[in-house]
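Take a look at the structure set out below.
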Amino acid sequence: MNVQSITCQTDLYNLHSHTHFCDGKASMQEIAEAARRVGMLHLGFTPHSPIACHSTCNMVREAVDPYLSEIARLRDIHGEQMQVWQSMEIDYLSRDFGPHIDYFQRLPLDYRLASVHFVPNYDGIPIDCDGRYERFSQRLKEEFRGDIRYVVEKFFEHTLTMIELGGFDILGHFDKIARNASQASPGIEEESWYEALIDDVISHAISAQVAIEVNTKAYDEHKRFFPSQRWMDKVIASGLPIVVNSDVHHPDKVNAGRNEALKLIRSLK
Ligand SMILES: [Zn+2]
Ligand SMILES: [Zn+2]
């Protein structure tokens with residue numbers, strides 16, 4: 031499946047969806063039914079991939095076959111009206127674990143979505159820096175001695191290496207760390223070193239010719255996309271395919287924020 035062939039044809043898609051196979055709050059069937067209700071023509075499932083460290087948010091390897099079986103079942107039900115795609119949101123942890131490794135390359139996925147959620151602490155242990163600020167704030171203190179710049183630089187260093195190593199089609203929410211980082215350090219995104227990191231990510235993405243996700247998960251609550259609205263002109267200027275995804279975890283949110291993001295992108299083009 032070619033991601034751009036979908037996004038060029040229609041806005042009625044969502045290629046980033048979570049369910050009970052990871053930390054989503056609904057079954058795959060419930061998400062599929064919600065997508066049908068809003069008229070989607072393409073729905074991609076992206077459970078958080080199996081991972082090489084302890085994480086309650088990620089699926090286990092033993093769940094991959096049942097996941098693929100459920101995709102086949104949903105294709106039988108919805109295939110005439112809506113294409114159902116099998117994918118994963120693959121975590122990057124290190125040069126030894128990311129979308130590029132054989133395990134993920136051998137899985138029969140229609141496309142691969144790659145995201146950074148974990149940042150290694152000073153002992154090299156991956157720390158989940160995604161999720162709610164209260165948890166992040168505690169981890170910032172306990173695992174990173176309160177050094178927000180270290181966390182942000184590591185996050186983007188991992189993003190750059192992940193892009194260099196390749197093996198995926200869509201770069202997921204590439205400035206996701208900004209949500210928590212900007213709460214820990216207001217104004218951080220206005221600093222020149224921070225903007226230089228954003229520029230690095232975009233130039234790496236251009237070299238790799240991957241699609242860039244505009245993730246709308248936080249729009250309802252925080253009025254922010256990932257990447258942030260402030261970088262949208264740079265993203266558009268890259269000329270790369272843009273994929274607008276809701277990162278749905280609950281059926282009510284299957285299309286949340288997508289129309290607002292699509293409207294913004296159209297207005298800047
Ligand atoms: Zn994610
Ligand atoms: Zn996600």
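Heads up, the sequence shown is in this note's numbering, so the first residue is 31 and it goes up one at a time. Just so you know, even glycine gets a beta-carbon here, dropped at the ideal spot from N, CA and C. Keep in mind the model is a prediction, meaning the values are calculated, not measured.
Tyrosine 43 sits in a strand when the DSSP states are folded into three classes. Chain order is used for the residues whose beta-carbon lies nearer than 7 Å to a heavy atom of ligand 1, namely Glu119, Ser145, His147, Asp160, Gly202, His203, Lys206 and Asp277. Here valine 274 carries a strand assignment [DSSP, helix/strand/coil]. Under the three-state reduction of DSSP output, histidine 234 falls in the helix class.
When the alpha-carbon of serine 99 is set against those of Lys171, Pro138, Ile155 and Phe198, the nearest one is in Pro138. Contact fails between the region 148-168 and the region 103-119, because fewer than three Cβ pairs, one in each stretch, are under 8 Å apart. Looking at the backbone, the Cα of tyrosine 180 and that of leucine 170 are separated by about 10 Å. One thing to note: alanine 93 has its Cβ within 8 Å of the Cβ of phenylalanine 51. Judged by DSSP secondary structure, aspartate 132 falls outside any beta strand (DSSP E) and instead within the alpha helix (DSSP H) spanning 132-136. In this structure lysine 293 is not in contact with isoleucine 266, their Cβ atoms being roughly 13 Å apart against a cut-off of 8 Å. For threonine 86, the distance from the CB to the nearest heavy atom of ligand 2 is not below 7 Å. The beta-carbon distance between methionine 31 and arginine 66, rounded to whole angstroms, is 19 Å. This is too long to meet the 8 Å contact definition. Counted as a single uninterrupted DSSP element, the stretch harbouring aspartate 250 is not any beta strand (DSSP E) but the alpha helix (DSSP H) occupying residues 249-252. The region 126-138 makes no contact with the region 158-177; the number of CB pairs closer than 8 Å stays below 3. Taken atom to atom, the span from the alpha-carbon of aspartate 229 to that of arginine 103 is near 42 Å.
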